[in-house]
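Numbering (the working numbering), first residue to last: 11 to 309. Below: the structure, in structure tokens.
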Ligand code: ZN
């Protein structure tokens, strides 16, 4: 079976209320990414944050984070496009990544494209009732077409995010329309507790996605579980040939004594090895995704 890709989703917009180990600032994210790489992660996904934890997707912030990571690690870089759960413009979404991609030293290798729109209302943790008014993650198809073209021109691999099966259908349509090429990297979103927007984090929730994925090796699929623990599904994902995206951005793992991101990565890597599946290195992931080899400067 193909080696396992572990992506560390280090922060998203997670607070430090429940686990203080969520990295916010560039230096914190970089230290975390380097640790996660040593534990077995091959990709790091991060969101720029300021000292208060607020979103900070400025070019300078993302540049500093990427340079600090690459100074000490060969991990693949996958930044967010920013805080775009409202109807933001194309430039607001792509501007920072465009500037980062002008120089090899800061060019991200992967960036996200959420392939559809979805209501992402938060739920109250105790009552499980929706906290209203909520927000909508708006990703018009025309904007996704523009992103696909610009990602290709910049040499960036899209991380194609699916929140339900209809997103997979749009991915298929984009491939049929030659907007996506090569092996696709698809992230399957499961949600629980804090959000009901994705499929439920159960075997059935995952199977419902897998039934609609091609089985010809053209899609590398990975699971993200927002608001829930991956424990119950981890063996199934590993044994079915899937890949794992995990981190404090998605769940604080308070029950495990508030671990650091690297401990979560290590836990996944250990479980994979116990099940007989090896862990892919960053360079192996570059080859799997058809990405160009690392820049010589990135030692
Ligand atoms: Zn993210």
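The C-beta atom is built at its ideal place from N, Cα and C for all residues, glycine as well.
Drop a sphere of 10 angstroms on the beta-carbon of residue i, count the other beta-carbons inside from all chains shown, and report buried for 16 or more, exposed for fewer.
i, result
"residue 249", "exposed"
"residue 237", "buried"
"residue 11", "exposed"
"residue 47", "buried"
"residue 100", "exposed"
"residue 145", "exposed"
"residue 201", "buried"
"residue 241", "exposed"
"residue 138", "exposed"
"residue 66", "buried"
"residue 309", "Model confidence at residue 309 stands at a pLDDT of 43, short of 50, so the residue's coordinates are unreliable; what they give is reported in the following sentence. Exposed."
Along the chain, where does the alpha helix (DSSP H) that runs through residue i open and close?
i, result
"residue 191", "Premise fails: residue 191 is in no alpha helix (DSSP H) and is neither H nor E."
"residue 265", "Looking at the DSSP string, residue 265 is not in any alpha helix (DSSP H), and its letter there is neither H nor E."
Between the Cα of residue i and those of the options, spot the shortest distance and give me the residue it belongs to.
i, options, result
"residue 293", "267, 52 and 46", "52"
"residue 191", "300, 16, 104 and 32", "300"
"residue 189", "141, 159 and 31", "159"
"residue 69", "45, 104, 263 and 79", "104"
"residue 112", "67, 215, 161 and 16", "161"
"residue 49", "284, 297 and 279", "279"
DSSP three-state label for residue i, please.
i, result
"residue 292", "helix"
"residue 157", "helix"
"residue 309", "For residue 309, the pLDDT reaches just 43, beneath the cut-off of 50, and the residue's location in the model is therefore unreliable, although a value from the coordinates is still provided. Correct three-state label for residue 309: coil."
"residue 285", "coil"
"residue 260", "coil"
Taking 8 Å as the cut-off, is the C-beta of residue i nearer than that to any heavy atom in the ligand COA?
i, result
"residue 58", "The ligand COA is not part of this structure, which contains only the ligand ZN."
Would you kindly report the start and end of the unbroken beta strand (DSSP E) that includes residue i?
i, result
"residue 112", "Segment: none, residue 112 is in no beta strand (DSSP E) and carries neither H nor E."
"residue 16", "16–19"
Ranges of the alpha helix (DSSP H) found wholly within the region 207–231, counting only runs of at least 4: As far as the region 207–231 is concerned, its whole alpha helix (DSSP H) runs of at least 4 residues are 213–220.
Continuous alpha helix (DSSP H) assignments of at least 4 residues falling wholly in the region 41–101: 69–80
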